[in-house]
Each structure stands twice: as structure tokens, then as C-alpha cells.
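Protein chains in written order, with full-length UniProt numbering: chain Y, 1 to 343; chain F, 1 to 343.
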DNA sequence: TGGACTTGTCAAAGCGGTTTGGAAAGAGAA
DNA sequence: TTCTCTTTCCAAACCGCTTTGACAAGTCCA
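Listed below in C-alpha cells is the structure:
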């Protein structure tokens with residue numbers, strides 16, 4: 001059923017029907033009621049593509065997920081983020097188009113999106129230091145929201161991020177307060193902005209107490225279980241092992257736990273661990289009331305929701321000043337931290 | 001730049017340009033070359049929506065992800081699956097539109113997709129026993145491929161699935177061969193087809209050796225770390241603990257591992273464990289050469305790729321017989337299995 | 001040389017909406 | 001009564017592409 005047929009059914013012109021459905025003021029209230037009701041009864045819905053073509057609004061948001069060519073790690077955080085965003089989209093009647101793109105060819109995708117106006121805006125995932133995508137999107141004039149941000153505080157674009165510096169500063173303080181001095185940092189790749197900030201938060205907390213950072217206790221790389229395990233194992237078996245770990249993801253923390261178990265060490269007693277927890281739906285940090293790991297916590301699903309809201313806001317009201325949300329992480333105390341062994 | 005302008009630039013009619021770009025045979029090879037080259041140089045790309053509208057093909061595939069209303073667990077498998085499918089889509093020039101839908105309101109989404117023809121086909125994720133989506137899609141005449149399948153072998157629809165029965169039969173046999181008799185099964189929710197099949201494979205292997213299944217050693221539920229831990233812990237502390245676990249996901253297996261460690265048991269010695277491994281990119285089963293867990297293995301990313309291929313095949317060649325792929329799982333021996341303690 | 005076939009190109013009619021620029025009808029004012 | 005506004009609706013022009021049917025030019029064969 002198309003508009004013309006449906007309008008014929010009602011004895012109205014397509015124009016009037018379109019306006020009634022679109023909420024325009026030029027139709028009588030009674031007419032509108034008649035139209036919307038008939039639409040429901042006959043199951044009429046305007047064709048998305050036709051509407052998009054005619055109006056210029058795509059009613060769609062693009063998510064571009066970069067994936068490394070070599071060993072494609074899809075950021076697991078992504079599933080939760082997108083499900084948060086998806087809630088907003090469906091309630092606002094936007095579609096979500098997803099592109100999986102191998103690193104580097106993102107340009108092409110963005111350009112195409114902008115050119116064919118196939119989306120009204122995009123979400124930028126996993127921003128990297130010196131990320132080319134952001135200037136590109138600005139140049140293209142395509143509204144966007146970044147999940148995360150870039151170094152240098154005040155670039156004028158929308159983003160939602162957590163206060164990584166503060167979170168890791170607080171986490172480090174916690175460990176320092178417990179008497180730990182040899183603290184290892186297992187971080188994400190340092191070409192990611194969040195990893196740099198976490199490192200900075202860690203470093204400033206350490207130097208704030210006059211404790212030096214041992215470069216041997218720093219790891220930066222893919223935040224996989226295997227890497228967490230490998231790094232922890234190496235450090236713990238080294239000549240001067242850490243008494244505590246500060247870890248950037250729960251997955252990695254699980255690897256650390258494996259390493260400590262293999263070496264007969266007990267978490268929270270022999271070795272302490274604080275991790276960041278994205279509150280992924282399928283990888284809970286233990287039961288609600290008794291967190292497994294002490295953790296800095298912020299829901300990535302909530303971030304997804306917020307990003308979506310901001311983007312739609314920016315799309316519907318062009319010219320709005322950039323919205324920059326920086327969220328505080330909660331610090332939850334779990335079973336993985338305790339006083340330093342020889343404190 | 002639109003088609004008319006671009007065609008004007010070349011001194012050709014829009015028709016010819018469209019045909020040249022579309023690969024139709026009615027244009028001279030030289031003309032086609034001239035057109036494609038100019039398109040590249042000027043960065044001309046046909047507007048997707050306009051093309052879709054005119055041709056009736058949406059050039060888009062829909063993925064509908066159900067998410068439970070209560071505590072929305074987004075299947076973590078999904079990220080990898082979709083990245084596999086995404087590869088195919090981008091190489092075949094299809095878009096991927098994603099809908100996150102709360103359980104139950106899927107009908108509406110599918111109907112809308114069919115009605116507005118906003119996608120050419122859909123992928124069905126996480127089929128449940130008696131899933132209403134499949135008859136609905138058949139009724140709507142929308143091409144679809146199911147990742148997984150339904151009970152009752154030969155329903156005529158496309159699917160890609162692993163041979164769950166065989167995989168878990170083999171895994172059980174392995175444990176039985178090692179002398180285990182008290183084997184626990186930690187499974188997914190039994191309203192999922194794959195969980196039933198795995199249970200059947202397990203049960204038939206057990207009864208094939210005359211070993212009875214203890215209902216106290218059966219768990220079925222969300223395949224989370226927490227559930228794996230809880231179930232294992234409960235069973236291991238019970239009066240008649242299992243000597244081996246057969247587990248439906250790596251995440252859950254990690255929970256089991258935690259439980260065994262807490263109780264001072266060593267995996268592969270005091271307790272054995274075989275898990276299914278979806279080869280998720282961010283949750284590797286240890287290093288390549290030394291798997292952590294003994295596992296039945298099948299890449300969900302590969303499944304995503306294959307589903308996408310099949311769907312596109314069905315879309316471009318309507319009337320094709322249903323394609324039903326059933327994949328054999330590999331059984332990889334890791335460090336988590338060993339002879340039964342008192343064997 | 002002329003008719004039948006190809007081949008390469010084009011004009012124009014959609015696809016299913018939105019939106020602009022009226023027009024008819026009714027209300028109020030002069 | 002006539003004129004000017006509103007209000008409510010409509011006809012028609014797009015949006016940018018695909019595709020059908022027609023046509024000119026070229027090829028082949030009789």
C-alpha cells in the first residue's frame with residue numbers, strides 16, 4: 001500500500017495525508033485523527049527510502065566500526081554500546097546502519113555516507129590519537145558524536161567520555177593507601193586516547209606520592225585475556241614483582257587472575273587488582289552485591305544511549321553548540337584488593 | 001553531484017551512465033571505461049536511496065537483535081558474527097541495518113521491514129524453540145537466513161549451524177574415555193535450539209556407555225561467568241561432586257575455572273573441563289599453540305560470513321532451494337582435561 | 001541497394017514520498 | 001455586498017535514480 005492508494009481510500013489527497021501523518025499544522029485535528037487511525041487499521045507506513053529521498057533526511061545513523069586487518073579484534077564493548085544507542089534510535093524512529101571497516105579505509109566510508117547522505121549523522125567509535133576521522137567529518141559537515149575523545153581538551157565536537165584520568169588516579173590512590181608501591185599498569189594500546197589518560201592518571205597519582213613508576217611494570221596492548229595473563233605472569237615472575245595491578249579491562253583482569261592462580265597467589269591478599277569495568281551485560285563483575293574485582297565502573301551501554309541522544313539532538317537542531325559529557329566513574333570495592341603484603 | 005550533472009559532464013545521457021556503472025551490456029566497453037574512470041575522478045556515487053527506490057532493491061540486510069527487557073544481555077557472540085557478515089556485505093556493496101528490539105516486539109519490526117521493503121533480507125539471530133519469527137518471515141516473503149536452526153530436521157529455510165549434537169557427543173566421549181563418569185553439563189537456556197541439541201548429544205553419549213545422567217549436575221541458564229561460577233561451585237561443594245564439566249561457552253568456563261580455583265582444585269587434574277569455543281576475537285582460548293581449555297570449536301565469525309553469503313545468494317537468485325549448512329566442530333585438546341582422579 | 005539485425009544511446013515514465021504554491025471555502029470587516 | 005484573511009485541502013513539481021521502449025547508426029546478407 002502506498003501513499004496514493006491510501007489517500008484514495010480516505011478520499012483525501014496524498015498531500016493532506018502526508019501532512020497529517022507528519023504532524024504538520026495545516027490539517028484539521030479531526031482529519032488528522034481520521035488519517036492516523038486509518039493508517040493504524042490498514043497498516044500503512046510511509047516508505048522510508050522514498051521519504052528520505054524526498055525530504056533529504058535519511059532518518060538513519062551510521063556506526064562505523066573499525067577492525068584491524070590482521071587479527072580482527074572487534075571491540076567487545078561495541079555490542080553493549082550499540083544496544084544502548086539502539087534503544088534511543090528505535091524510540092526516535094531512526095535506523096542504524098552499521099559498517100564494519102578495515103582500518104584505514106574508513107575515509108572512503110565516511111565520504112560516501114556524506115556524499116550520498118545515506119545517514120544523518122555518525123557515531124565515532126574508538127578514537128585514536130591524531131584520528132583523521134574527526135577533521136574529515138568536520139570537513140564533510142556530517143554531524144557526529146565521538147565515544148571517547150582526543151587529547152587537547154577543547155576541540156569543538158560532541159563527545160561522551162568518562163573521566164579516565166580521575167578514575168585511574170583514584171584507583172591508584174586506593175592502592176597506594178593500601179600500602180602498595182610496586183603497582184603495575186596493564187593498559188590498552190597507547191594510540192587510544194583513553195589509554196593515555198589512564199596512564200596519566202596513574203602516573204600523576206604515583207608521582208603525587210613520590211612513588212616512581214617502574215617501566216617494567218607497564219604493559220600496553222590489546223586488552224585480551226591472553227595479554228593480561230602474559231603480562232601479569234611475566235611481571236610476577238620477574239626479579240622485582242608488583243604487589244598490585246591496575247588493569248584497563250575486565251577481560252584483561254581475568255587473564256591476570258589466571259596468572260596469579262597459576263603462581264599460587266591469592267587475589268586480594270598476595271596480590272591486589274583494580275580494573276576498569278564497562279558493565280558489559282554478558283561479563284558481569286561478579287554478583288551485584290559482591291563485586292569480584294575492585295573496579296572503576298561506568299556503563300558503556302549508558303554511554304551508547306547518551307551518544308545517540310546527543311546525535312539526534314544535533315541533527316534536529318543544527319547549529320547547536322557541541323555537547324561534551326564527561327562522566328565520573330564509580331569506584332566499587334570488590335574482593336580483589338587488600339593491604340600490601342609487607343606493609 | 002547527481003547523475004544528471006555527472007552525465008552532463010561527460011556529454012552522455014543519465015541512462016547510459018547508469019548502465020555503464022551498473023555493468024549492463026548495452027554500453028560500449030570504451031564508454032564504460034570512460035564513465036567509471038570519470039566517476040572515480042570526480043567522486044561520483046549514485047545515491048543509495050534513490051537507487052533503492054527506483055530499482056526496488058534496498059541493497060541492505062537487516063539484523064534484528066532481540067534483547068530481553070529485564071536485564072538485557074546482548075549476546076556477545078553477536079559482535080563477532082556481525083563483523084564476519086559485515087565483510088561480505090561491504091564487498092558486495094550491501095548496507096547492514098541493525099535493530100535492537102526488546103523481546104516480543106520483533107513482529108512489528110519484521111512486518112515493517114517487509115512492508116516498506118527497507119531491507120532485501122534478514123538474518124535471524126538466536127532462534128528459540130517454536131520461534132514465531134520464522135513462520136512470520138515465510139509469510140511475509142522476506143528472504144532470511146537463520147544462524148542456528150529449529151528442532152525437527154527439515155523445515156525448508158536457510159540456516160547455518162554447527163552440529164551441536166555431534167560436538168557434544170564427541171566431547172562427552174572424550175571425558176568418558178578419560179574415565180569420567182560424573183559429568184556436569186552447564187548449558188544455555190533450553191528454549192534455545194542449540195542448548196537442546198547439546199544436551200541431547202551429551203545424554204546420548206552418556207547413555208551409549210551406560211552412564212546415567214545426574215539431574216543435579218545439569219544447569220541451564222544464561223551463559224555468564226557468574227552463572228558458570230555459581231553452578232560449578234554448588235555442584236563441587238555438593239555431596240557427590242562431578243569430576244568433569246561440559247560447558248556451553250567460554251565465558252561460562254571461565255566462571256567454572258574460578259570456582260575450581262577457589263576450592264583449591266586444579267583444572268585438568270582434579271577436575272576436567274570441556275567447553276564450546278566460538279572463537280571470539282576478544283576472548284581467545286589461550287594462545288594459538290596451547291589452548292587453555294579443551295574445546296569444541298567453531299568460528300562464529302565464519303558463520304556470519306557464510307550466512308551473509310547465503311542470504312545474498314538467495315536475494316539475487318530468488319527461487320533457489322534453501323541452503324542448509326551444518327558445520328562440524330573441531331575438537332581441540334587443551335590443558336583442562338585429564339584422567340578422572342580415581343580412574 | 002535495400003531490408004533485417006545489431007549495437008549504442010537517449011527520452012521519458014516510473015519508484016513513493018515531501019513540499020511549494022496555489023485555490024476553494026468560510027469568516028470577519030468595511 | 002464586496003473585499004480581505006484564515007483555514008483546509010490539493011495539484012504538481014521535485015528528490016535522484018533505474019528501466020522500458022524507441023531510435024539512429026552501423027553491419028550483414030541477399
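Heads up, the beta-carbon is just placed ideally off N, CA and C, and yes, glycines get one too.
Exposed unless 16 or more other CB atoms sit within 10 angstroms - verdict on residue i
i	result
residue 100 of chain Y	buried
residue 212 of chain F	exposed
residue 141 of chain F	exposed
residue 319 of chain F	exposed
residue 20 of chain F	buried
residue 207 of chain F	exposed
residue 4 of chain F	exposed
residue 15 of chain Y	exposed
residue 42 of chain Y	exposed
residue 297 of chain Y	buried
residue 71 of chain Y	Residue placement at residue 71 of chain Y is flagged as unreliable, the pLDDT there being 47, under the threshold of 50; the coordinate-derived value follows with that caveat. The residue in question, residue 71 of chain Y, is exposed, as its Cβ has fewer than 16 Cβ neighbours within 10 Å.
residue 103 of chain F	exposed
residue 248 of chain F	buried
residue 282 of chain F	buried
residue 177 of chain Y	exposed
residue 133 of chain Y	buried
residue 209 of chain Y	exposed
residue 266 of chain F	exposed
residue 225 of chain Y	buried
residue 223 of chain Y	buried
Below-8 Å beta-carbon distance, residue i vs any chain F residue
i	result
residue 43 of chain Y	yes
residue 15 of chain Y	no
residue 283 of chain Y	yes
residue 78 of chain Y	yes
residue 226 of chain Y	yes
residue 87 of chain Y	yes
residue 134 of chain Y	no
residue 286 of chain Y	yes
residue 147 of chain Y	no
residue 67 of chain Y	yes
residue 115 of chain Y	yes
residue 251 of chain Y	yes
residue 213 of chain Y	no
Short CB-CB distance (under 8 Å) between residue i and chain Y
i	result
residue 47 of chain F	yes
residue 96 of chain F	yes
residue 275 of chain F	no
residue 269 of chain F	no
residue 294 of chain F	no
residue 125 of chain F	no
residue 50 of chain F	yes
residue 140 of chain F	no
residue 9 of chain F	no
residue 112 of chain F	yes
Sub-8 Å separation of residue i and residue j beta-carbons
i	j	result
residue 326 of chain F	residue 143 of chain F	no
residue 193 of chain Y	residue 127 of chain Y	yes
residue 274 of chain Y	residue 246 of chain Y	yes
residue 109 of chain F	residue 123 of chain F	no
residue 168 of chain F	residue 201 of chain F	yes
residue 295 of chain Y	residue 79 of chain F	no
residue 77 of chain Y	residue 106 of chain Y	no
residue 44 of chain F	residue 308 of chain F	no
residue 321 of chain Y	residue 84 of chain Y	no
residue 94 of chain F	residue 59 of chain F	yes
residue 182 of chain F	residue 239 of chain F	no
residue 10 of chain F	residue 35 of chain F	yes
Expected contact under 8 Å - CB spacing of residue i and residue j to nearest Å
i	j	result
residue 276 of chain F	residue 255 of chain F	Between residue 255 of chain F and residue 276 of chain F the Cβ distance is about 14 Å, and since that is not below 8 Å, they are no contact.
residue 311 of chain F	residue 61 of chain F	6 Å
residue 151 of chain F	residue 129 of chain F	6 Å
residue 179 of chain F	residue 339 of chain F	5 Å
residue 118 of chain F	residue 117 of chain Y	Wrong, their Cβ atoms sit about 16 Å apart, outside the cutoff.
residue 300 of chain F	residue 279 of chain F	7 Å
Report the start-end ranges of each beta strand (DSSP E) in the segment 135-164 of chain F that is 3 residues or longer and not cut off at the edges. Listed in chain order, they are 144-147 and 158-162.
Which whole runs of the beta strand (DSSP E) in the segment 37-90 of chain Y are 3 residues long or more, in chain order? 60-67
Which runs of the beta strand (DSSP E) fall wholly inside the segment 82-133 of chain F and span at least 3 residues, in chain order? The qualifying runs are 95-102 and 121-124.
For the segment 283-319 of chain F, which segments carrying the alpha helix (DSSP H) assignment without a break, of at least 4 residues, lie completely within its bounds, in sequence order? 300-316
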